[in-house]
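Residue numbers (the working numbering): 1 to 163.
Quick notes on the structure that follows.
Right, here's the structure in full:
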């Protein structure tokens, strides 16, 4: 039965800890065996990662196709609405009203269309001020060793060699 890499690593850590305590030759042999097993398993990580990446690409393309189709369907819906509005505007009649076709045309309560902003009186304007942190400067100062209250420099591990 094939074991997970995490299980092998866990067993290796436990065996190493036991070896540090008991210094037994059998434990050293077990450690060597686990290291060899882990090495064989680790050798395929990159290719396994690439397989997953290929699957992600396939599903991403399928998602994009589905999103395009949803957009197409929404456009179809809007086209049907516009057809109904145009038909009503031209003929004054709606399609036959029934339980399966409960269509009505109503007028909206209104929306603002800006024609020329320069002509709009100042009473309709307001100033907006936004305060934002300058994180790049904070990062530079932290890297330079400066102490800044309320923040800390966080360094994360990452894997190189795979995107």
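Ideal Cβ placement from N, Cα and C applies to all residues, glycine included.
Please check if any C-beta of chain C sits within less than 8 Å of the C-beta of residue i.
i         : result
residue 6 : As a matter of chain content, chain C is missing from the structure shown, which is built from one protein chain.
Rounded to whole angstroms, what's the CA-CA distance from residue i to residue j? Just pull it up for me.
i           : j           : result
residue 42  : residue 11  : 15 Å
residue 54  : residue 66  : 18 Å
residue 56  : residue 68  : 18 Å
residue 88  : residue 79  : 14 Å
residue 129 : residue 44  : 54 Å
residue 29  : residue 160 : 32 Å
residue 62  : residue 135 : 37 Å
residue 33  : residue 157 : 28 Å
residue 9   : residue 71  : 48 Å
residue 132 : residue 146 : 20 Å
residue 119 : residue 125 : 12 Å
residue 13  : residue 5   : 12 Å
residue 58  : residue 64  : 10 Å
residue 144 : residue 151 : 14 Å
Between which residues of its own chain and residue i is the CB-CB distance below 6 Å, once the five residues before and five after are set aside?
i           : result
residue 137 : none
residue 153 : 142
Below 8 Å CB to CB, which residues in the same chain sit around residue i once its five sequence neighbours on both sides are set aside?
i           : result
residue 101 : 95
Between the Cα of residue i and those of the options, spot the shortest distance and give me the residue it belongs to.
i           : options          : result
residue 85  : 71, 106, 76      : 106
residue 103 : 146, 2, 82       : 82
residue 149 : 59, 139, 64, 155 : 139
residue 3   : 37, 31, 124      : 37
Leaving out the 5 sequence neighbours to the left and right, which residues in its chain are closer than 7 Å to residue i when beta-carbon positions are compared?
i           : result
residue 27  : 15, 18, 19
residue 24  : none
residue 74  : none
residue 239 : Residue 239 lies beyond the stretch modelled for the chain, which goes from 1 to 163, so this question has no answer here.
residue 31  : 12, 15, 16, 19
* Are there three or more Cβ pairs, one per stretch, closer than 8 Å when the region 82-101 is compared with the region 111-118? -> no
* Check whether the region 12-32 touches the region 46-63, counting contact only when three or more Cβ pairs, one atom from each stretch, lie closer than 8 Å. => By the C-beta criterion, the region 12-32 is judged not to be in contact with the region 46-63, since fewer than 3 inter-stretch pairs fall below 8 Å.
* If you scan the region 90-117 from start to end, which runs of the beta strand (DSSP E) of 3 or more residues do you find wholly inside it? -> none
* To do: Kindly provide the ranges of any beta strand (DSSP E) runs that are 3 or more residues long and lie completely inside the region 118-153, ordered along the chain.
  => none
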